[in-house]
Structure formats: structure tokens, C-alpha cells
Amino acid sequence: MSAFELLRLALSRLRTSRLRAALTMLGVIIGVASVVALVGVGQGTTSSITTRLAALGTNLLTISPTSQNSDGSTTLTLEDADAIAKLDSVAGVAPEVTTNLDVTAADKSTSTTVVGTTAAYASVRAYEVWQGSFLTDVSVDRGLRVAVLGASTAKTLGLDATDLGTQISIAGIPFQLIGILQPKGGSGFQDPDDQVIVPVGTVQKYFVGGDSVRTIGVSVAPSADMTATNAEITSLLRTRHELATATDSDFSIFDQTQLLDAASSISGTLTLLLGGIASISLVVGGIGIMNIMLVSVRERTREIGIRKAVGARGRDILAQFLVEALTLSLLGGLIGIAVGLGVSAVIGRLAGWGFVFNPATVLAAVLFSLAVGVVFGVWPARQAARLDPISALRYE
Amino acid sequence: MTAATAAGPLIAFDRVSRVYSMGRLDVPALDDVSLAIEPGEFVAIVGPSGSGKSTMMNILGCLDRPTHGSYRLAGTPVADLDDDGLAALRSRTIGFVFQSYNLLPRTTALDNVATPLLYQGVGRSERVRRARATLERLGLGDRTDHEPTELSGGQQQRVAVARALVTEPALILADEPTGNLDSHAGAEVIALLRELHEAGRTIVLITHDPEVARSADRQIHLLDGRIAA
Numbered sequence: 000m001s002a003f004e005l006l007r008l009a010l011s012r013l014r015t016s017r018l019r020a021a022l023t024m025l026g027v028i029i030g031v032a033s034v035v036a037l038v039g040v041g042q043g044t045t046s047s048i049t050t051r052l053a054a055l056g057t058n059l060l061t062i063s064p065t066s067q068n069s070d071g072s073t074t075l076t077l078e079d080a081d082a083i084a085k086l087d088s089v090a091g092v093a094p095e096v097t098t099n100l101d102v103t104a105a106d107k108s109t110s111t112t113v114v115g116t117t118a119a120y121a122s123v124r125a126y127e128v129w130q131g132s133f134l135t136d137v138s139v140d141r142g143l144r145v146a147v148l149g150a151s152t153a154k155t156l157g158l159d160a161t162d163l164g165t166q167i168s169i170a171g172i173p174f175q176l177i178g179i180l181q182p183k184g185g186s187g188f189q190d191p192d193d194q195v196i197v198p199v200g201t202v203q204k205y206f207v208g209g210d211s212v213r214t215i216g217v218s219v220a221p222s223a224d225m226t227a228t229n230a231e232i233t234s235l236l237r238t239r240h241e242l243a244t245a246t247d248s249d250f251s252i253f254d255q256t257q258l259l260d261a262a263s264s265i266s267g268t269l270t271l272l273l274g275g276i277a278s279i280s281l282v283v284g285g286i287g288i289m290n291i292m293l294v295s296v297r298e299r300t301r302e303i304g305i306r307k308a309v310g311a312r313g314r315d316i317l318a319q320f321l322v323e324a325l326t327l328s329l330l331g332g333l334i335g336i337a338v339g340l341g342v343s344a345v346i347g348r349l350a351g352w353g354f355v356f357n358p359a360t361v362l363a364a365v366l367f368s369l370a371v372g373v374v375f376g377v378w379p380a381r382q383a384a385r386l387d388p389i390s391a392l393r394y395e
Numbered sequence: 000m001t002a003a004t005a006a007g008p009l010i011a012f013d014r015v016s017r018v019y020s021m022g023r024l025d026v027p028a029l030d031d032v033s034l035a036i037e038p039g040e041f042v043a044i045v046g047p048s049g050s051g052k053s054t055m056m057n058i059l060g061c062l063d064r065p066t067h068g069s070y071r072l073a074g075t076p077v078a079d080l081d082d083d084g085l086a087a088l089r090s091r092t093i094g095f096v097f098q099s100y101n102l103l104p105r106t107t108a109l110d111n112v113a114t115p116l117l118y119q120g121v122g123r124s125e126r127v128r129r130a131r132a133t134l135e136r137l138g139l140g141d142r143t144d145h146e147p148t149e150l151s152g153g154q155q156q157r158v159a160v161a162r163a164l165v166t167e168p169a170l171i172l173a174d175e176p177t178g179n180l181d182s183h184a185g186a187e188v189i190a191l192l193r194e195l196h197e198a199g200r201t202i203v204l205i206t207h208d209p210e211v212a213r214s215a216d217r218q219i220h221l222l223d224g225r226i227a228a
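These protein sequence lines are chains A and B, in that order.
In this text, residue positions in the first sequence follow numbering that gives the first Met the number 0: the first is 0, and each later residue adds one.
In this text, residue positions in the second sequence follow numbering that gives the first Met the number 0: the first is 0, and each later residue adds one.
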């Protein structure tokens, strides 16, 4: 018998007992749907985390002080930043002094992060200017009262391109608005688009005082190695801070790529875990199929006897029951994939990372449900094939 | 009788016994039976219940093998065949008609009749064509899409005869074909078998009813597993 004949036989059989077929498939549907949905959610999380981290700059080293002086100043200074900028492996250096202040434009006001930095900030932190211009070396050197707004802040204050050149006030001090940044998008712990960027000297002069900086962002040259550059900066700063070999550094260097790797590895493991838990329900679904197939073999003993009497060989009966189990599991698998993709699309939409379609997951789900059909279908099918035609015909 | 060939008798039993083991006791259901049935014969095997008819029918129908002795069907020694070989021989050579019709449930008359062809590897359209032709020949042309539950007993048995006939088998083996039918429907089925016999088919009819047996050309009486007369 050809595979096509077997499939037709199986489908016509399933048509005669639709409710039972549907209930039997339900186990596999739920199993496959949960595997596909959970893996989809896992992959969506992974990709959203990596995109968000990549948006922060993949070649970024962030230097932060680990100790603070009694007056609140830190050991990192603008001179440190200048020294790091002279390294060959460094493409850009952006020292940052941050503080939280009220920003007012016309009648609207908001409290936001004010970042004092240099012209390199845009390239180091991977921001693009949407309107106007960014800080220049000149405006930074002269400590001008100019401000560039993040996209969210501009929106909050009701500012757009037409407002470039107008005055806004930061903690009561007037600044000229010179630019608005492109939104980076992505939500999360901190909105990267909610900030006001002004020259570093200006912040130190009006708001913070001292010449220490909060952090130094370093973008490593594309040709240079992150780890090597990290070591280079460490030794440079240790020399500059006159630290003895035995003492700990008074700063730490944070490598964005390490976070990226760690995050993807964690969420990858999580995806695997979720998929693994979900596949248990698939196995349970398979047992459901086996259960029904065994009942079916018992119920259809007489049919098997008739088929054998009119010329079916053992292997014809085996194939018939196996294909029936396979049809159940595969059909359940396909419905499950559709449901699972639907669920992960809805979750993806709600969570904001969109719909992640992974053909490999779908293929794996199809193969897995086929395997379930074979594994749990073979035994009942063998029972059917082995029936003795005489007693099968006499079976009531 | 021992030298059965393809050109010889269709059925050749040579000292066939079938012994069932009931615990320590061996019960011979068939005891040293020899017989030959030529192509084209209409034979009735008659006997009361417990005479070994069913065992005879199982062995004749290649559903079972003799414990002793040899059985050749159309020249093929049955003892040499494995289960698949028996299935293939059944499929080629024998058409069964059972007392309880044994049609596939929830399956149309057409598909029931076409089922033996399925196991011969005949294509779908050819199956349908031959099954329809056979049903029409037996006057069931308007019942092809009916399922067994929608047919009367007599109609069901005629569908079963059509199923037995559709493969053009050398032998039609009818096991109490009138047993579940009223006398009128029973007579119709017997008339149908006679008709098939007259068209040249070999028919073996197994029955306990001497009345039914009389419609055959030759009667073989079984009693206690042996041929009585």
C-alpha cells in the first residue's frame, strides 16, 4: 500500500470519530504550542536584550570610579579622559558628569538627567542627531551654555525642529537649544532618550563643581581588541593614579560585550529550559495518543480480522495504525505550531519585541511531533498487526 | 490425490489433522481428513456443531495451518508459507463470505467491496471501477454509497459476496452465509451462489443446515472431525 493510500485510510477513519481525534490531538497541540510559544518568547527576549545592549554601543568600555572622596568627588578626572584619548586603540572618549535637574521650556517642565560631556559622546554612545547639531569641540572648550535634548525629553517639553535656537532653562539657568537626538527606542530600566546633553565644563561650573567625572565612556577602535584595550587603559590609569602594584584599582572598567555575551547566554539557557519543560507536555500528549490507539486496536479487533481475511498482511495493518497515529500527532503538531506562533506573536506584540519567527523551531516541532507519533504509535500498531485473524474475526 | 499440481484439484487435503491443546489434553478438531475439490465444483461441507466445520473452514481459508498432513491450495503447499505468504495466497485465491457478513463498519458498500483490491495494490480508480461493476452485477448498483447499518441483512450479505467476488478468486468460501438471514433472503443468497457456480466458479459452502447443503452439487459430511460418508 502506498503512503497516499494509507493517509487516505487514516483521514477517513479520523473523520468518522472527529471528537475523539480532536481530543487525542489536543495533548499534542498543547505540547507543541507551548514549546513553540515559549521558545518564541525566549528568543524574543534574547533578541530584544541584545538589540538594546547593542544600541548602547558594542565597542564600548565604561570606566567608573570605585571609590569616592569625602567631598563627593571621584578619582576620575578630565585629564584621565584626555590621557586615554591619546591611546592608539581608542577611537573616542567621552567623560560624563551627570546630575538630575529640572529643565523648563516655555510653560513645560520636567526633571531629567543632565549629562555634561564632550563632542565624542554621540559617537561613543551611538546617538544620531535628528535636528540641529551636537556639541562641538569649540562649544565644549569654551564651556558654552548650549544643550542637546534626547528625543523623549524634547517630546515632554513640546519642542521640535522649529524651536532650535530658542532658550530653555536648566535649574533656572538659560541654555540655548542647539539640537535634538534621534530616538534610540527601547524601553526598560532607563529610557536612553530622556536626557539633556551639555558641555562638561558647563555642568562642572554651574551645577556640580570640581573637576572629577562620573564615568568615562571609551569607544574602542574597530581594529583593536577589547580585552587588550581594557588592559592598556587599566595600566595607564593605575600609573596616573600612582597606585602600588598590590593595591586594588580605584576604578573599574565595564565591557559592554561581556554583558551582551552574559545576557544572551542567560536568556539562551532560559529558552532551553522553557522549551524543555514544555516538551514534557508533548510527551504526555504522545502518551495520550498511545492510549487512544491501544483502545482503538481493541475496539477494532474485528475490523483487523476482516482486513486480514481479505488479504491484508501484518505489515499492512501495522502501517495503517502507525499512519493513523502519525496523522494524529502531525496534525496536532501543525495546529500546535499555528497556535504557538499566534501566542508568541501576541506576547511579542505586548512586550514590544515584535514577532520572532524561527523556521528551525517550527521544523523541530514538526519532527518532534512526528517522532512522538512513531514512538507512541508503534506499540499499538504492532499489537494490531500481530492479532490472529481467526480470533479477531470471532471477537465481539 | 497426493500428487496435486496446479493443473490438478483446486483443493487437496492429504491426511490433514488439526489438534488443539487444551492443557494436557489434545483435542483433534480435524482427524486425518483427505479430500479433493476440483475447479468449478460447488461443494457443501455439512455437519452439526462441533463436527470440525469451523476448523475446516479456517484451514481451507488459509487462516490456520494443519497440525499434520498437507494442504495444497491451487497447487501451493500451504505449510511452506509464512503469515505474509498466507495473506498473499488468501488475497489472490480466496473470497470469503461470513455468517455475520463482516463488513467494515462506517464504510460504504463501495469501499467495502474495494478493500481486497487495496491489499492487492490496485490503484484507486481501478478499484472503484471494479467494485462498482461487481456491485451492479449483484443488483446493488443503487446501494454503493450506503454504509452497512443502512442496508438490510440480505443486502449486507450480497455486499459481502461482492467483496468476495471482486478479486476474481479461484475459490469462494462461504461460512454459514444464510445463518443470519430470514428464509427469503437466505434463499436469495443461495441462488446467487448457484448463479456464480454456473458461471464457472468454485464454491465451498460450509453449513450445519442439510436444507442449505442440498443446493450444492456435492456434500461432504463431517462428524467428530472425520468425513462421515
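A virtual CB, placed ideally from N, CA and C, is assigned to each residue, including glycine.
- Under the 7 Å criterion on CB atoms, Thr23/A is classed as non-interfacial with respect to chain B.
- Per the DSSP secondary-structure output, Asp174/B pairs in a beta bridge with Ile205/B.
- Close to Arg312/A, with beta-carbon spacing below 8 Å, are these residues of chain B in chain order: Asp82, Asp83, Ala86, Ala87 and Tyr118.
- Residue contact with chain A for Ser90/B: present (Cβ-Cβ distance below 7 Å to some residue of chain A).
- The residues Leu29, Val32, Ile44, Ile205 and Leu221, in chain order, have a CB closer than 8 Å to that of Met55/B in the same chain once the five nearest residues on each side in sequence are set aside.
- Proximity of Glu395/A to chain B, defined by a Cβ-Cβ separation below 7 Å, is not satisfied.
- For Pro65/B, there are no C-beta contacts with chain A under 9 Å, since the nearest C-beta of that chain is about 14 Å from it.
- Counting the other CB atoms within 10 Å of its CB gives Phe375/A a total of 16 or more, which places it among the buried residues.
- The shortest CA-to-CA distance from Leu109/B to any of Glu135/B, Thr201/B, Tyr100/B and Leu88/B is the one to Glu135/B.
- Remark: C-beta atoms of Leu10/A and Ala20/A do not approach each other more closely than 7 Å.
- Note on geometry: alpha-carbon atoms of Thr256/A and Thr57/A lie some 6 Å from one another.
- Contact check for Glu187/B and Gly153/B: beta-carbon distance about 6 Å, within the 8 Å limit, so the pair qualifies.
- Using a Cβ distance threshold of 7 Å, Lys107/A and Leu156/A count as a contacting pair.
- Taking one beta carbon from each stretch, the region 134 to 150 of chain B and the region 330 to 338 of chain A have fewer than 3 pairs nearer than 8 Å; the two do not touch.
- Within chain A, the residues Ala308 and Val309 have their CB atoms less than 8 Å from the CB of Phe95/B, given in chain order.
- Taking 7 Å as the threshold, the shortest C-beta distance from Leu134/B to chain A does not fall below it.
- Annotated as proximal: Ser16/B and Gly68/B, with beta-carbon spacing under 7 Å.
- Within 10 angstroms of the beta-carbon of Glu323/A lie 16 or more other beta-carbons, which makes it buried.
- Against chain A, the CB of Pro168/B has no partner CB under 7 Å away; the residue lies outside that interface.
- Nearest C-alpha to Leu327/A among Ile288/A, Glu298/A, Val355/A and Thr300/A: Ile288/A.
- Distance between Gln203/A and Val40/A, taken at the CA atoms: about 45 Å.
- In terms of beta-carbon proximity, Ile305/A lines the interface with chain B, with at least one pair separated by less than 7 Å.
- Annotated three-state conformation of Ala350/A is helix, per DSSP.
- A Cβ-Cβ contact shorter than 7 Å links Ala73/B with Leu9/B.
- In chain order, Leu88 place their CB closer than 7 Å to the CB of Leu80/B, counting only its own chain and leaving out the 5 sequence neighbours on each side.
- By alpha-carbon distance to Ser248/A, the top candidate from Thr74/A, Ser16/A, Thr45/A and Gly43/A is Thr74/A.
- Sequence-ordered contacts of the region 367 to 394 of chain A with chain B read Pro388, Ile389 and Leu392 [C-beta pairs closer than 7 Å].
- It is roughly 10 Å from the alpha-carbon of Val373/A to the alpha-carbon of Leu366/A.
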